[in-house]
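UniProt numbering puts the first residue of the sequence shown at 1, with every later residue one more than the last.
What follows is one structure encoded as structure tokens, with my remarks underneath.
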Amino acid sequence: MMACLGPDDEAYGPVSAQQINNEYLMLYLDHFFQFLFPFYRPSLLEGGRGWLLQLIATNRPLYHTTLSITACFLSVAHFAASMAERPCNGYALDELSRRASISFASLQQDLQNLHQLDSDDRLVRQACIMDSIVYLQRFETLISNSEHFLIHLNAAVELFNQILSENDPGAAEDTPFDTILRRLTRPLWSGKILGTPWTSDQAGFRFFTALLIVDDIVASTALNVPPRLQRHHQALLTNIDALNARPAIDLQDFVGCQNWIMLQLANVSALAAEKHIAKQTGTLDMTKIVADAKGIKDILLDGLSHLTAPTPEPKKSNILDLFASRYQANTLPADSILVTRAWAHATLAYLSVVVSGWQPAHPEIRENVSRVLEFMTQAQTQTQTIFRSMFWPFCVAGCLAEPRQQERVREMVEKLEPRRLFGTVSQALEMMEVVWRQHDAQPDPGLRDLAMFFVGRGTGQLGRALVEAIKADGKYELMIFARSTSAEKEKAAGGVPIIAVDYSSVDSLVEALEKHKIDTLFSVVDANNGAESEFNLIKAADKSKATKRFVPNIWAKFFPIAKSKLDALAMLENTSLEWTAWYVGWFLDFYVAPRVKTYMFPFSAFIDMAHDVAAIPGSGDVPVVYTYTFDIAAFAAASLSLPKWEKETYAVGDRLTVNEFLAIAEEVKGTKFSVSHDSMELMSTGKVTELPAYEPLYSVMPKEVLTGVIAVFGVMFENGQFDFEGKHLINTDFPGIKPRKVREMLVEAWGK
């Protein structure tokens with residue numbers, strides 16, 4: 001009976017609502033799961049897919065996320081016939097948001113409760129949390145929401161590594177993965193013995209481990225870093241001894257692509273990262289890069305030469321065949337061969353780019369791109385179901401497509417109906433269109449790679465405030481440079497024209513600067529995506545006949561991870577540009593967002609305004625400058641009228657010690673905070689007292705990384721690096737601009 005299906009503590013509504021939930025689950029299992037994972041069809045003796053129902057029913061995040069996915073699928077199905085542009089709307093959209101919120105809340109609660117469990121229960125919960133994160137990540141990709149992809153991937157990878165390290169058998173013959181599976185078993189069930197099904201915990205952990213391995217490898221190609229799980233590949237993806245006929249994880253059973261391709265793709269990504277770092281450090285040895293690439297290429301070509309669809313051997317049939325064979329599905333072994341070939345040729349094209357640079361007309365690249373597009377067309381002709389399994393090859397081939405092939409790529413996307421069920425394919429096409437336009441400018445192919453195009457740029461936080469301030473000043477014509485533009489983006493920017501530019505090409509940037517007669521350039525490029533864009537902007541501004549002034553993306557005091565900012569200043573010293581670096585202290589917005597207008601995110605470091613607690617760095621008696629971003633923007637807009645810029649510009653909103661800030665916070669909120677102090681010794685080890693305000697940020701940045709960054713800032717606070725005493729302030733040049741003070745802002749945000 002299904003009336004009670006769901007987590008034990010699920011707050012059920014009316015009976016009819018629970019019946020709808022049950023129907024949603026069965027629709028998902030019968031139809032939607034097979035669409036999302038067409039290659040996953042375990043036999044009955046392997047446990048079938050029954051583990052999924054058990055896992056969903058007992059895991060709150062998976063339960064809520066599954067209902068969200070089903071709501072989206074149903075909405076798409078209902079609207080597909082009318083070709084509606086926004087299928088996930090109305091009730092379905094409300095369901096998506098509500099269920100997703102519940103999923104996040106459940107994950108946070110589970111993470112907080114891990115320390116209360118014994119080792120066996122802890123392992124089960126760790127595995128379930130990892131499963132949930134990967135599952136939620138796939139759900140967000142399905143609805144074209146890639147904003148938090150890396151956040152969730154980092155969290156899943158960190159948790160997976162933690163699980164393996166805690167279950168390392170040491171000198172024993174088992175691998176950590178084998179140890180985990182053994183500990184996740186139940187009496188009479190092992191999953192490792194032929195003929196016994198996997199338990200729900202075992203099957204779920206294997207399934208989501210496979211997806212995590214693939215996601216990690218694909219993400220590495222976009223980030224120019226080696227796959228973070230590469231050190232586990234040998235144990236998981238290869239036959240480590242003669243007794244194991246198959247590897248621990250056979251990716252062909254999960255995503256359709258054979259292991260040897262993924263292993264070589266990981267090697268190409270690691271080679272790309274090695275080359276990238278060597279170029280930055282001046283230690284590039286192309287002889288070694290070429291030699292390593294040849295070894296990878298030989299393996300890929302040899303594998304392709306032996307890649308043939310298996311021919312089933314004739315044998316007598318009996319009733320047990322029904323239980324030993326895999327579930328019937330819309331995919332056949334030939335489909336897996338097709339997918340594997342597409343990944344292999346895309347990997348060969350990627351390898352050519354790593355070695356020779358961005359050269360779409362190169363015969364090898366052109367041949368491999370043509371083969372991938374051929375396989376994609378074949379897949380669409382047979383069934384669109386496996387198209388999603390070839391998304392990375394599609395992106396590679398699309399970016400490298402020559403002009404005569406680009407219309408073919410567009411047609412492929414147009415044929416995907418309903419488009420909503422193919423995740424980020426529309427975003428991928430937008431990325432390709434940008435790449436194609438940039439290629440028309442004929443930049444140096446040696447300066448471009450795949451990672452450059454696989455990472456997008458978000459809307460700047462301080463940049464938006466600058467745009468609004470300069471526009472409000474009304475004295476200057478304002479334009480925005482971005483990788484791509486659209487009417488919607490210009491509308492969001494208040495009607496300010498957005499000019500599409502290629503940050504990887506100095507010549508194209510020079511052309512844009514001169515064409516639009518840009519006199520002054522403010523840089524707010526995303527520092528997280530590398531310093532190359534900033535450096536190219538400086539070079540282009542120096543070469544441009546129109547550009548005279550430049551503001552680098554500094555806007556804060558230096559700290560150890562900001563070496564690129566120092567490099568930018570050193571580069572500016574060798575130009576003919578007039579430039580200034582802005583220093584504005586600590587953003588006051590962090591303590592009032594989102595209660596006061598700001599484009600910054602809440603980040604109550606050291607003083608947790610929402611929870612009335614504080615962890616003071618050091619003594620707390622060293623002055624710190626706090627400045628509101630809209631005041632910074634107002635000063636920056638006004639500085640355009642100055643006849644001459646100093647090399648350093650200091651703006652101050654308010655200057656208080658952390659203890660003085662705390663006293664104002666207690667006064668405004670009418671309560672005493674719970675206060676502790678973190679010593680310099682503690683912060684020097686990268687540790688701080690954790691505040692409740694930090695917990696929501698752990699989904700954005702791994703806990704260890706976030707607390708380490710906060711510790712760095714705590715040391716800087718205590719060392720006086722956020723104090724500008726004795727500096728000439730731009731405040732004195734523009735006394736009419738009255739920056740907002742800490743008390744004023746806290747009263748507006750938190751006053752009763």
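The beta carbon of each residue, even a glycine, is placed where N, CA and C say it ideally should be.
Does the contact criterion of 3 or more C-beta pairs under 8 Å hold for the region 359-375 versus the region 263-276?
The region 359-375 vs the region 263-276: no contact.
Short check: CB of residue 218 to CB of residue 343, under 7 Å?
Contact flag unset, no.
Would residue 711 and residue 686 qualify as a contact pair, given that the criterion is a beta-carbon distance under 7 Å?
Contact flag set, yes.
Okay, do the region 18-34 and the region 364-376 touch, 3+ Cβ pairs below 8 Å being the bar?
With a cut-off of 8 Å, the region 364-376 and the region 18-34 do not count as touching, because too few Cβ pairs lie within range.
As an exercise, report each continuous alpha helix (DSSP H) stretch of at least 4 residues that is fully enclosed by the UniProt domain "NAD(P)-binding" (458-589), in chain order.
Those alpha helix (DSSP H) runs which fall completely within the UniProt domain "NAD(P)-binding" (458-589) and span 4+ residues are 461-473, 487-492, 506-515, 532-543, 563-573.
So the candidates are 481, 501, 489; which of them puts its Cα closest to the Cα of residue 521?
Closest by alpha carbon: 481.
Strictly by DSSP, which residues pair up with residue 762?
Nothing in the structure corresponds to residue 762, since the chain is present only between 1 and 752.
Once you ignore the five residues that flank residue 544 on each side, which residues in its own chain have a CB closer than 6 Å to its CB?
Cβ neighbours of residue 544 beyond the five flanking positions: 510, 513, 514.
Could you tell me the distance, in whole angstroms, from the CA atom of residue 553 to the CA atom of residue 638?
One C-alpha to the other measures close to 18 Å.
Please state whether the Cβ-Cβ distance between residue 413 and residue 397 is less than 7 Å.
No, these two residues do not count as a Cβ contact at 7 Å.
Terminal residues of the continuous alpha helix (DSSP H) containing residue 732?
Element bounds for residue 732: n/a, residue is neither H nor E.
Could you name the residues of the same chain whose beta carbon sits closer than 6 Å to that of residue 152, not counting the 5 residues immediately before and after it, in chain order?
Within the same chain, residue 152 has close Cβ partners 133, 137.
Could you have a look at residue 676 and say whether DSSP puts it in helix, strand or coil?
Residue 676: strand per DSSP, three-state reduction.
Go ahead and label residue 681 buried or exposed: buried means 16 or more other beta carbons lie within 10 angstroms of its beta carbon, across all protein chains shown.
By the neighbour-count rule (16 or more Cβ atoms within 10 Å), residue 681 is not buried but exposed.
Is the region 427-436 touching the region 579-596 in the sense that three or more CB pairs, one from each, lie closer than 8 Å?
Verdict: no, contact absent.
In terms of DSSP beta bridges, what is residue 614 paired with?
The partner list for residue 614 (beta bridge, DSSP) reads 607, 675.
Among 355, 622, 599, which residue has its Cα nearest to the Cα of residue 287?
Among 355, 622, 599, the Cα nearest to that of residue 287 is on 355.
Taking DSSP as the reference, what is the three-state secondary structure of residue 627?
Looking at residue 627 - three-state DSSP - the assignment turns out to be strand.
Between residue 42 and residue 695, what straight-line distance do the alpha-carbon atoms span, to the nearest angstrom?
Rounded to the nearest angstrom, the two C-alpha atoms are 38 Å apart.
In the DSSP output, which residue or residues are listed as bridge partners for residue 655?
Bridge partners of residue 655: 625.
Report buried or exposed for residue 319, applying the criterion of at least 16 other Cβ atoms within 10 angstroms of its Cβ.
Because the pLDDT at residue 319 is just 48, under 50, the model does not fix this residue reliably, and the value given afterwards should be weighed accordingly. Result: exposed.
Residue 586 and residue 524 look like a contact to me (Cβ under 8 Å); what is the Cβ gap, rounded to whole Å?
Not quite, the Cβ-Cβ distance comes to about 18 Å (not below 8 Å), so this is no contact.
Could you check the C-alpha separation between residue 507 and residue 536 for me, to the nearest Å?
Straight-line Cα distance between these residues: approximately 9 Å.
If we ignore side chains and look at the alpha-carbon of each, how far apart do residue 387 and residue 197 end up?
Spanning the two alpha carbons is a distance of roughly 30 Å.
Under three-state DSSP, which class holds residue 650?
Note: residue 650 maps to strand in three-state DSSP.
How would you write the range of the alpha helix (DSSP H) that residue 298 sits in, first residue to last?
Counting along the chain, the alpha helix (DSSP H) containing residue 298 begins and ends at 286-305.
Using the rule of at least 16 other Cβ atoms within 10 Å of the residue's Cβ for burial, across every protein chain shown, is residue 154 buried or exposed?
Residue 154 comes out buried.
Counting beta carbon pairs with one atom in the region 595-612 and one in the region 568-576, are three or more of them shorter than 8 Å?
With the cut-off at 8 Å, the region 568-576 and the region 595-612 do not touch.
In chain order, what residues of the same chain lie with their CB nearer than 7 Å to the CB of residue 307, ignoring the 5 residues before and after it?
337, 340, 341.
In or out: residue 298 buried (at least 16 other Cβ within 10 Å) or exposed?
With fewer than 16 Cβ atoms within 10 Å of its Cβ, residue 298 is classed as exposed.
Contact check, residue 63 vs residue 71 under 8 Å by CB: the rounded distance?
The pair is not a contact, with the Cβ atoms about 13 Å apart (cut-off 8 Å).
For residue 627 versus residue 653, is the C-beta distance shorter than 7 Å?
Yes, they are a contact pair.
Under 8 Å: do the region 608-624 and the region 717-724 share three or more Cβ pairs, one atom per stretch?
Output reads yes: the region 717-724 touches the region 608-624.
Runs of 4 residues minimum, wholly inside the region 360-387: which ones carry the alpha helix (DSSP H) assignment?
Complete alpha helix (DSSP H) runs here, min 4: 363-382.
Return yes when the Cβ of residue 175 is within less than 7 Å of the Cβ of residue 127, no when it is not.
Not a contact, by the Cβ cut-off of 7 Å.
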